[in-house]
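Step one of this worksheet: look at the structure below.
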Amino acid sequence: MYGFSYQRPRSIADAVAALASEEARPLAGGQTLIPTLKQRLARHETLVDLSGLAELKGVHTDGKAVGIGAMTPHAAVATSAEVRAAIPALAALAEAIGDPQVRNAGTIGGSLANNDPAADYPAAVLALGATIVTNKRNIAADDYFTGLFSTALEPGELITAVGFPVPRRAGYAKMAQRASRYALVGVFVAETTAGVRVAVTGAGGSGVYRSKELEAALASNFAAAALSGVTVPAGDLLSDLHASAEYRAALIPVIAERALVAAG
Amino acid sequence: MTSPMIGAAVKRREDFRFLKGIGRYTDDMSLPGQTCCYIVRSPVAHATIKSIDTAAAAASPGVVAVLTSKDFEGVGGLPCGWLVTSRDGSPMAEPKHPILAEGKVRHVGDPIVAVIAETLNAAKDAAELVVVEFAELPAVVDMRKALAGGEKVHEQPSGNLCFDWELGDKAAVDAAFAKAHHVTKIDLVNNRLVANAMEPRAAIGSFDPATEDYTLVTTSQNPHVIRLLMGAFVLSIPEHKLRVYAPDVGGGFGSKIYHYAEEALVTFASKKIGRPIKWVAERTESFISDAHGRDHVSHAEMAFDRDGQALALRVDTLANMGAYLSTFAPCIPTWLHGTLLAGQYTTPAIYCNVKAVFTNTVPVDAYRGAGRPEATFLLERLMTKAAMEMGLDQTEIRRRNFIQPSQFPYQTPVAVVYDTGNYEASLDKAMSLADYKGFEARRAEAKARGKLRGIGVASYIEACGIAPSSLVGALGARAGLYEAATVRVNPTGSVSVLTGSHSHGQGHDTTFAQVVADKLGIPMEQVEIVHGDTAKVPFGMGTYGSRSIAVGGTAIVNALDKVIAKGRKIAAHLLEAAEADIVFEGGAYQVKGTDKQKTFGEIALTAYVPHKYPIEEIEPGLEETAFYDPKNFTFPAGTYICEVEIDPRTGETTIVSFSAADDFGNVINPMIVEGQVHGGLAQGIGQALLEQCVYDDEGQLITGSYMDYCMPRADDVPFFKVATTSTPCTHNPLGVKGCGEAGAIGAPPAVINAICDALKDRGVLHIDMPATPERIWRAVGGAAGRAAAE
């Protein structure tokens, strides 16, 4: 690890000010950033630790939507009575991220800002049509994810919360990459007031994406049986040591069926 | 009077310190004035080094020294401890393995420059300033291509061939195949593994200018072996000036047997800079510098008569040595592999040819099981495949070929003599644990749910308790393989046992103390086990190959017998009886048929306060040493049965049940033995389903971290059903055989046989390890398979 200076601001304004320098980097749960620093794969003059921002933590719901503060750890989402009642699929997703240490440290905002192509949260955000709330604006999920480890966030822009509309039904299932336990293929299915939305993580060559094939198949019948015989193309999918694009393509409908079963 | 300690499930005494985090590992130690070492390693697999510029690094803040191979002139290469002779009589190729690269790098991770600084961060900062200019060469990765000519890892006449070894009667095998009713053939890969001990390797070297003594603290399974190899062959330091100490060591699995460059480096350089030097591997560094395991590619054929009786076995194996010969590398695919190919069967003719190959990869050496898992996997895959081809049940073909209890001692056609065993007993026990009879109903029930269920049987044998020195000497070992122990009875009756075995997770502090407490009839609390320090314990050979209880334990028993015999003389004197009339039982010497007795403690005190003592006949004191050289290997054996369920749409495999019946002979501590089996099974299942060390064509290790190299986790394995049967070893006093490696040896074929059983109706008769979901999905037809399943 290279040396760096460390700040722990107490307000969003102070955090944004501290991050004005190009050499500064926000630290949320640190589940990607810290290992990267430890291996000297990244070097930052300043780390701005967001854990002191109490206003970024916590869950609140009004029946129509669930708002989750950006610095809320996965474990808090997994065990939140509000989330479990309103969007049980989201709580279940959070409960299956990493291991207990990761879930206690990693945060929803950190995961979404990093946008790892195999992370779980992006699938929920995209399928549920959530809104990314930043210190500057609201960003619709459909506009937020712009590629591998890339988002619509601008320099100096911090995620403060995520707003999830409550769906009629939703479910998430994944097959884990066996070594890292990131999603090899993760599928989040949601029946929302705006129609059926299906997001796939772990498989897309440009990160999380909505599957037109699965959405079309489920539009009139939101049930596992509707996927019988449905296939998805392998063309744009990832191919790596752990799974070929062809295998990922074959997994997607099967994992989607499991998500539908979980959705009930 | 204490209850019998041998056979009792005593809780592990050492776990108190381990669980509380107060164990003392190498990296927990710091010496006054200590410096930190960071090693610049090769980022490329194969290259000549055009230049090394260390000037900027040397000038970097906090740097004490920057060393290259030039600083190690006169220092020897890392020695190989086993000479294998090729079938044409020529010795194996034994190229130099330098401490730091000399003009060429031969694998990713090959050490080039050592930076020694005040802090680790300062050393790392300076390491980034080292400039090495490479002229890259094509990487030699694939063993077949390596033997076909082209680029050479080392400039030597035999190219990339290290040796071409054979064992067995080729003519007899050919004749048996000529009259076979059925021949089963198989091509298989025994996948390369990384040991991944929880504690990475570490070393601290220091030199005392006053006494001119060197000390090396290191993560070793065998400190005396390191002292011998490093002192005599690398650094020319006589034994009395070199202390090697391996304190608590967090797992080895074979990877900490070997003498590594970093040990010699910190020891030698500590004198050069006049300060202690600590080096600790980071996890990624472990992946590219610890010896790997397995990595065989084999073709095998087995001939059977009409009744499924094996007539002959023929095996051709390519064994990867990596870029250099690690300490015991040559003996693994030869004398620890070929000699186990009879398995539990009466196969009368066996021939094995092994070609060992140099490649631009990390050196390969023993890993839990070491040669025996490779032999067992090959043989047990053949047996199950033959059963499938011949329409026999997997258990039936084995039963028809088992060596019968009446046939022991049994001379196999591959050099070794099994002393004892009862293979049907462990098969029957495993079948009962697994509810083998009920399997077809479970298969049908799973089928109704769209799942493919399979059951796999593997009957393994291993050679442990390595080994009679004269035998291994004849086979090429450059060391003896005895073990040493000193039993030091202290004046007030407590006992210090100094053993040459080394505990790095095995639980010797408990098991050995049970043996001592049992033999002397004293509480375990009065027994201390001391190991791991050449300054304290007699010259011992260390712990590997499941040898500690069979060889190290016997040395302790022999030393105890000497102590008891001396005590008897003292007791006879005190009790004014004939020595022959004294019995030692329950911690006391008693005159036979009387109530006259002296406790062990009273005898001990008398030995050290010899006021009333047969001083003319025997010396004072009560301390005895024994060196035990085993008469034979021991031969643990057993049967494992694995049951799997596969989702044909995804290829996901779940182990629904795993039953293990092992014959370890007598068992000292059944709880520790069960734990050893559990750990071995987890590693064996890891090899079968999860673990895979992958190099790309450029020789880059692409599974170089836990993000890509899959270690087994608790939820990857089922709750094991384990049991033991027992035919006590006939040639050691405890009747013990060893249990450390069995799980890792027997599990891989049991798992793969179960998968093949599940898939046999789909025409799949073999699948390579690790049997990943995608491999299985492809085997059952890929995308077309899903359509068929629906």
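Protein chains in written order, with the working numbering: chain A, 923 to 1186; chain B, 9 to 798. Note that the Cβ used here is the ideal one computed from N, Cα and C, for glycine as well.
Through-space distance from residue j to residue i, alpha-carbon basis
i	j	result
B:Val202	B:Leu709	11 Å
B:Tyr714	A:Ile1081	30 Å
A:Asp1021	B:Ala563	45 Å
B:Ile654	A:His996	31 Å
B:Ala272	B:Leu155	32 Å
B:Thr10	B:Lys570	Here B:Thr10 scores only 49 on pLDDT, less than 50, and its place in the model is too uncertain to base an answer on.
B:Gly515	B:Asn328	32 Å
A:Gly980	B:Leu689	43 Å
A:Thr1153	A:Pro1175	7 Å
B:Ala696	B:Thr661	11 Å
B:Cys472	B:Ile676	16 Å
B:Leu321	B:Lys193	10 Å
B:Phe385	B:Thr227	30 Å
B:Lys187	B:Ala357	13 Å
A:Thr1068	A:Ser1133	16 Å
Pair within 9 Å by beta-carbon distance, residue i and residue j
i	j	result
A:Ala1098	A:Leu1106	yes
B:Gly513	B:Gly260	yes
B:Leu568	B:Ile611	no
A:Ile1009	A:Ala1121	no
B:Ser502	B:Val538	no
B:Gly258	B:Gly31	yes
A:Thr1053	A:Glu1079	no
B:Ile865	B:Cys45	Lying outside 9 to 798, the shown extent of chain B, residue 865 of chain B is not represented and no answer is given.
B:Leu236	B:Glu220	no
B:Ile60	B:Glu136	no
A:Ser1072	A:Gly1129	yes
A:Ala1000	A:Val970	no
B:Val305	B:Leu196	yes
B:Ala525	B:Met13	yes
B:Tyr253	B:Gly41	no
B:Trp173	B:Val372	no
B:Leu435	B:Arg407	yes
B:Asn566	B:Asp427	no
Residues near residue i by beta carbon distance below 7 Å, same chain, minus five either side
i	result
A:Ala1145	Leu1182
A:Leu1159	Ala1125, Gly1126, Gly1127, Ala1167, Arg1170 and Ala1171
B:Gly687	Gly751
Spatially closest choice to residue i from the options, by CA coordinates
i	options	result
B:Leu606	B:Cys737, B:His304 and B:Lys577	Sequence check: residue 606 of chain B is Lys here, not Leu. Minimum Cα distance to B:Lys606 is reached at B:Lys577.
B:Tyr353	B:Gly429, B:Asp776 and B:His162	B:Gly429
B:Ser414	B:Gly399, B:Glu625, B:Gln402 and B:Glu432	B:Glu432
B:Ala210	B:Leu250, B:Ser263, B:Glu163 and B:Ala218	B:Ser263
A:Gly1085	A:Gly1069, A:His1164 and A:Lys986	A:Lys986
B:Ser68	B:His189, B:Ser665, B:Thr127 and B:Thr647	B:Thr127
A:Pro1039	A:Ile1177, A:Ala1138 and A:Ser1161	A:Ser1161
A:Val1111	A:Tyr1131, A:Glu977, A:Asn1060 and A:Ala1083	A:Tyr1131
B:Glu110	B:Ser98, B:Pro165 and B:His54	B:His54
B:Gly594	B:Ile530, B:Thr56, B:Phe547 and B:Pro622	B:Ile530
B:Pro720	B:Ser50, B:Arg20, B:Phe24 and B:Asn204	B:Asn204
Sequence-distant residues of the same chain with beta carbon closer than 8 Å to residue i, five excluded per side
i	result
A:Arg932	Gly974 and Leu975
B:Pro445	It should be pointed out that residue 445 of chain B corresponds to Lys in this sequence rather than to Pro. Around B:Lys445: Met439.
B:Pro338	Cys88, Trp90, Leu91, Val92, Met100, Cys170, Phe171, Met329, Ala364 and Gly484
B:Lys729	Leu441, Ala442, Ser665, Phe666, Ser667 and Ala668
Residues of its chain near residue i, where Cβ-Cβ distance is below 6 Å and the 5 sequence neighbours each way are ignored
i	result
B:Ala383	His345, Leu348 and Leu349
B:Phe215	Tyr222, Ser278 and Lys279
B:Val138	Val48, Thr62, Ala65 and Val121
A:Ala964	Thr958
Let me know the beta strand (DSSP E) ranges lying completely inside the region 977-1064 of chain A, each 3 residues or longer, listed in chain order. 981-983, 987-991, 1053-1056 and 1060-1062
What are the uninterrupted segments assigned as beta strand (DSSP E) that are 3 or more residues long and contained completely in the region 347-409 of chain B, given in chain order? 357-366
Just list the alpha helix (DSSP H) runs in the region 118-146 of chain B, keeping only unbroken ones of 4 residues or longer that don't cross its boundaries, in chain order. 128-135
Run through the region 141-187 of chain B for me and flag every whole beta strand (DSSP E) of 3 or more residues, listed as ranges in chain order. 169-176
Within the region 182-238 of chain B, ranges of the beta strand (DSSP E) (whole runs, at least 3 residues): 190-198, 210-216 and 221-226
Segments assigned alpha helix (DSSP H), at least 4 residues, entirely inside the region 729-779 of chain B: 750-767
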